[in-house]
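*Asks:*
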Amino acid sequence: MDMQKYNELKMRMARLADLGAATGLMAWDQQVFMPPGAAETRARQMATIGGMLHEMGIDPALGTLLEALNGQIGDLDYDSDEASIVRVNWRDYQKAVRIPPEKVAAFFGAVGIARPAWAEARAKSDFSLFQPHLERLVDMQIELAELIGYESGNPYDALLDFYETGLTYELISGVFSAVKPQLVELIHAISQARQVDDGVLHGSFPQDEQLALGRTVAGALGYSFNHGRLDLSVHPFTSASSHADVRITTRIDETFWASSLMSVIHEAGHGIHAQRLDPNLYGSGVSAPGLSVGESQSRFYENVLGRSRAFCAWLLPRAQEAFRGRLDGVSVETLYRALNRVQPSLIRVEADEVTYGMHIMLRFELENAVINGQVKVADLPQEWDARMEQYLGVVPPDDAQGVLQDIHWSQSPMGYFPTYLLGSMFAAQLWDTMQVERPGTRAEIEAGQFEGITAWLTDKIHRHGGKFTFPEIAERATGHPPTSEPYIAYLRAKYGEVYGL
Ligand SMILES: [Zn+2]
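Take the sequence shown: its letters are residues 92 to 592, numbered as in our numbering.
Next up, the structure:
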């Protein structure tokens, strides 16, 4: 490989990463500390840097360089940093260059109007206020899909691939359709069983006490506060401007302590992932993982680990110490059952582990139908409500608690939602492999020894950043492509026991 060209590539990618980090930090500040009066100037500053990033990212000279280098990596090990940096950046360049900058600008211009319209529509629970904006955004996405291109005949594939390379409607629906009847059956069986009491999670739990517990738990799991911090925001998120600076946020409900703690564990999962990137990959253009792989880590820590009986045994004395006097006499079993209570509900972000999948399938089906013209935007509310009744047995009383609940469709192309469920599924697949390779894992969790678990995940997942696609990562980490079987087996075993099915 021409090392002079390769070094030029690294220099260009490093500049892109540093500028990207600046906007990332501005976006974090926007949601955490920025005074409200700065909204307009901040948006302009970020748009300027965003435009520079896009221009630099589709610079024809970069394309020429990448194409030349890509012709020279045949002899290199596929897994090597050098081959991966060239391969992945060439792939991403070819995607980005198909979308003219004016189309990107037009889409974000439309989003700038659609997002406040969505917020107003949700506040008034009136879909008709958002409908014309969503119709326009959907038209633009169909146009984007045509520009990006798709071989399958389904324009939704172009959007899916935009979020996670290699994802197609056929691949996802194959996995989801295997899961759907089993989930519906499990949810029905649970609804007929004796219900679980989660009273132990409710009461009076001041913010400071909750944040202190969140910091203790995140730190114990391996999230480094030397390279991170925990703050408050309206919606919890993780912001990584580099592996050396990875910030997480949460929100606090002072009457329900599990809500914030589980979201801290979720974001700490994302945070650990970003902090444990191989430092050689920073600034290489392949530092960020795909969304499904990313979500597999947050959900592994939150659900597979954080809602396990072994974890509850470690957590309980720490929670009792944080919330002095309010959890006295509570048993590990009571806490475990409370954290795993299943209750069909209207709102995705509040859904439990079992019903969550149905919220995602509903969105996946509707996105595909809307992009393919099988369902009109105007009919989304009825289609939404009908599926909620069919899948979960609950019907939204209004659009705010139905089709308008998520911000996603007002601010980004469709195709994001499926990665949430694929991530949950992959977390269960990893757990299967981990238990075979590390038989003592449960005992370590009970003892609060998380370093071995996190080191295993770092070796299989975290350090690689975005070097590999989701199917590649799955093969390398578990010996299998992404599959739904471990997920279904995990849910059946766990909830069959909790609910005595
Ligand atoms: Zn997440």
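By construction, the Cβ of each residue, glycine as well, lies at the ideal position given by its N, Cα and C atoms. Treat the numbers as computed from the prediction; the structure is a model and nothing was measured.
Would you grab the beta carbon distance between residue 506 and residue 225 for me? Rounded to a whole angstrom, and I think it's under 8 Å.
*Replies:* Residue numbering aside, residue 506 sits at position 415 when the sequence shown is read from its first letter. Residue numbering aside, residue 225 sits at position 134 when the sequence shown is read from its first letter. Actually they are not in contact, since the Cβ atoms of residue 506 and residue 225 sit about 15 Å apart, beyond 8 Å.
*Asks:* Under the rule that 16 or more other beta-carbon atoms within 10 Å means buried, what is residue 236, buried or exposed?
*Replies:* Taking the sequence shown and counting its residues from 1, one reaches residue 236 at position 145. Burial call: buried.
*Asks:* For residue 206, which option in 185, 228, 190 has the closest C-alpha, if you only look at C-alpha atoms?
*Replies:* Here the question's residue 206 lines up with position 115 in the sequence shown. The shortest C-alpha separation from residue 206 is found at 228.
*Asks:* Helix or strand or just coil, what does DSSP make of residue 329?
*Replies:* Translated into positions along the sequence shown, residue 329 becomes position 238. Of the three classes helix, strand and coil, the one that applies to residue 329 here is strand, per DSSP.
*Asks:* From 351, 504, 436, pick the residue whose C-alpha is nearest to that of residue 197; which is it?
*Replies:* Here the question's residue 197 lines up with position 106 in the sequence shown. Ranking the options by Cα distance to residue 197, first place goes to 504.
*Asks:* Closest by CA to residue 171, which one among 255, 308, 271, 369?
*Replies:* Mapped onto the sequence shown, residue 171 falls at position 80. The option with the nearest alpha carbon to residue 171 is 369.
*Asks:* Output the distance between the C-alpha atoms of residue 537 and residue 481, rounded to the nearest integer angstrom.
*Replies:* For the purposes of this step, residue 537 is taken as residue 446 along the sequence shown, with counting starting at 1. For the purposes of this step, residue 481 is taken as residue 390 along the sequence shown, with counting starting at 1. Cα to Cα, residue 537 sits roughly 39 Å from residue 481.
*Asks:* Please go through the same chain and pick out, in chain order, the residues whose beta-carbon is closer than 6 Å to the beta-carbon of residue 404, but skip the five residues on each side of it.
*Replies:* Locating residue 404 in the sequence shown gives position 313, where the first residue counts as 1. For residue 404, where only same-chain residues beyond five positions count, the Cβ hits under 6 Å are 423, 537.
*Asks:* Determine the direct distance from the alpha carbon of residue 358 to that of residue 217, and round the result to whole angstroms.
*Replies:* Taking the first residue of the sequence shown as 1, we reach residue 217 at position 126. Taking the first residue of the sequence shown as 1, we reach residue 358 at position 267. If I take the Cα positions, the gap works out to 32 Å.
*Asks:* Identify every run of the beta strand (DSSP E) within the region 173–231, keeping only runs that are complete inside it and at least 3 residues long; order them along the chain.
*Replies:* Correct list: empty.
*Asks:* Does the separation of the CB atoms of residue 494 and residue 471 fall below 8 Å?
*Replies:* Position 403 of the sequence shown holds residue 494. Position 380 of the sequence shown holds residue 471. Result yes, Cβ atoms of residue 494 and residue 471 sit closer than 8 Å.
*Asks:* Does the region 414–430 come close enough to the region 286–293 that 3 or more CB-CB pairs lie under 8 Å?
*Replies:* Short answer: they touch.
*Asks:* Applying the 10 Å Cβ sphere with the 16-neighbour rule, what's the burial state of residue 564?
*Replies:* The residue you call residue 564 lines up with position 473 of the sequence shown. Result: buried.
*Asks:* What residue from 572, 434, 515, 488 has the CA that sits closest to residue 282's CA?
*Replies:* Along the sequence shown, one-based indexing puts residue 282 at 191. Ranking 572, 434, 515, 488 by Cα distance to residue 282 puts 434 first.
*Asks:* Nearest by alpha-carbon distance to residue 139: which of 123, 192, 151, 124 is it?
*Replies:* Locating residue 139 in the sequence shown gives position 48, counting from the first residue. Ranking the options by Cα distance to residue 139, first place goes to 192.
*Asks:* Please go through the same chain and pick out, in chain order, the residues whose beta-carbon is closer than 7 Å to the beta-carbon of residue 96, but skip the five residues on each side of it.
*Replies:* As a first step, residue 96 must be located in the sequence shown, where it is residue number 5. Contacts found: 156, 159, 160.
*Asks:* Where in the region 283–350 do unbroken runs of the alpha helix (DSSP H), each at least 4 residues long, occur, reported from the N-terminal end onward?
*Replies:* Those alpha helix (DSSP H) runs which fall completely within the region 283–350 and span 4+ residues are 298–312.
*Asks:* Mind listing which residues have their beta carbon within less than 6 Å of any non-hydrogen atom of ligand 1? Chain order is fine.
*Replies:* The filter returns 357, 361, 386, 389, in chain order.
*Asks:* Buried or exposed, going by whether 16 or more other CB atoms sit within 10 Å of the CB of residue 573?
*Replies:* In the sequence shown, residue 573 corresponds to position 482, counting from 1. Its Cβ being crowded by 16 or more others within 10 Å, residue 573 is buried.
*Asks:* In three-state DSSP terms, what is residue 467?
*Replies:* Within the sequence shown, residue 467 is the residue found at index 376, counting from 1. Residue 467 falls in the coil class under three-state DSSP.
*Asks:* The alpha helix (DSSP H) that contains residue 520, what's its start and end?
*Replies:* Translated into the one-based positions of the sequence shown, residue 520 becomes position 429. Looking at the DSSP string, the run of the alpha helix (DSSP H) that includes residue 520 is 509–528.
*Asks:* Since residue 453 contacts residue 479 with CB under 8 Å, what's their CB separation in whole angstroms?
*Replies:* Numbered from its first residue, the sequence shown carries residue 453 at position 362. Numbered from its first residue, the sequence shown carries residue 479 at position 388. Right, their Cβ atoms sit about 7 Å apart.
*Asks:* Going by DSSP, what residue range makes up the alpha helix (DSSP H) through residue 147?
*Replies:* The sequence position of residue 147 within the sequence shown is 56, counting from 1. Unbroken alpha helix (DSSP H) run through residue 147: 130–148.
*Asks:* Can you give me the Cβ contacts of residue 177 inside the same chain, cut-off strictly under 6 Å, excluding the 5 residues immediately before and after it?
*Replies:* As a working note, residue 177 is residue 86 in the sequence shown. Excluding residues within five positions, the ones whose Cβ falls inside 6 Å are 160, 161, 164.
*Asks:* Would you report the Cα separation of residue 200 and residue 121, rounded to the nearest angstrom?
*Replies:* Taking the first residue of the sequence shown as 1, we reach residue 200 at position 109. Taking the first residue of the sequence shown as 1, we reach residue 121 at position 30. Near 19 Å, if we compare the C-alpha coordinates of residue 121 and residue 200.
*Asks:* Determine, using beta carbons only, whether residue 594 and residue 553 come nearer to each other than 8 Å.
*Replies:* The first residue shown for the chain is 92 and the last is 592, placing residue 594 beyond what the model contains.
*Asks:* In terms of alpha-carbon separation, which member of 387, 275, 331, 391 lies closest to residue 117?
*Replies:* As a position in the sequence shown, residue 117 is number 26, starting the count at 1. Looking at the Cα atoms, 331 is the closest of the given residues.
*Asks:* With residue 388 as the anchor, note down where its alpha helix (DSSP H) starts and where it stops.
*Replies:* Here residue 388 refers to the residue found at position 297 of the sequence shown. Here the alpha helix (DSSP H) through residue 388 covers 382–390.
*Asks:* So within the region 232–287, which uninterrupted beta strand (DSSP E) runs reach at least 3 residues, ignoring any that extend past its ends?
*Replies:* Here no run is fully enclosed.
*Asks:* According to DSSP, is residue 539 helix, strand or coil?
*Replies:* As a position in the sequence shown, residue 539 is number 448, starting the count at 1. The answer is coil: DSSP assigns residue 539 none of H, G, I, E or B.
*Asks:* Between which residues of its own chain and residue 249 is the CB-CB distance below 6 Å, once the five residues before and five after are set aside?
*Replies:* For the purposes of this step, residue 249 is taken as the residue at position 158 of the sequence shown. Only 236, 239, 241 meet the Cβ criterion.
*Asks:* Which residues in the same chain have their Cβ closer than 8 Å to the Cβ of residue 394, if we skip the five residues on either side of it in sequence?
*Replies:* If you number the sequence shown from 1, residue 394 lands on position 303. Here the set comprises 444, 515, 518.
*Asks:* Exposed or buried, what is residue 408 when buried is set at 16 or more other beta-carbons lying within 10 Å of its beta-carbon?
*Replies:* Here residue 408 is taken as the residue at index 317 of the sequence shown, counted from 1. Result: exposed.
*Asks:* What residue does the alpha helix (DSSP H) around residue 411 start on, and which one ends it?
*Replies:* Start at 1 with the first residue of the sequence shown, and residue 411 comes out as number 320. It spans 400–413 - the alpha helix (DSSP H) in which residue 411 sits, taken as one unbroken run.
*Asks:* Tell me the residue span of the alpha helix (DSSP H) that contains residue 117.
*Replies:* By 1-based counting over the sequence shown, the position of residue 117 is 26. Start and end: 94–123.
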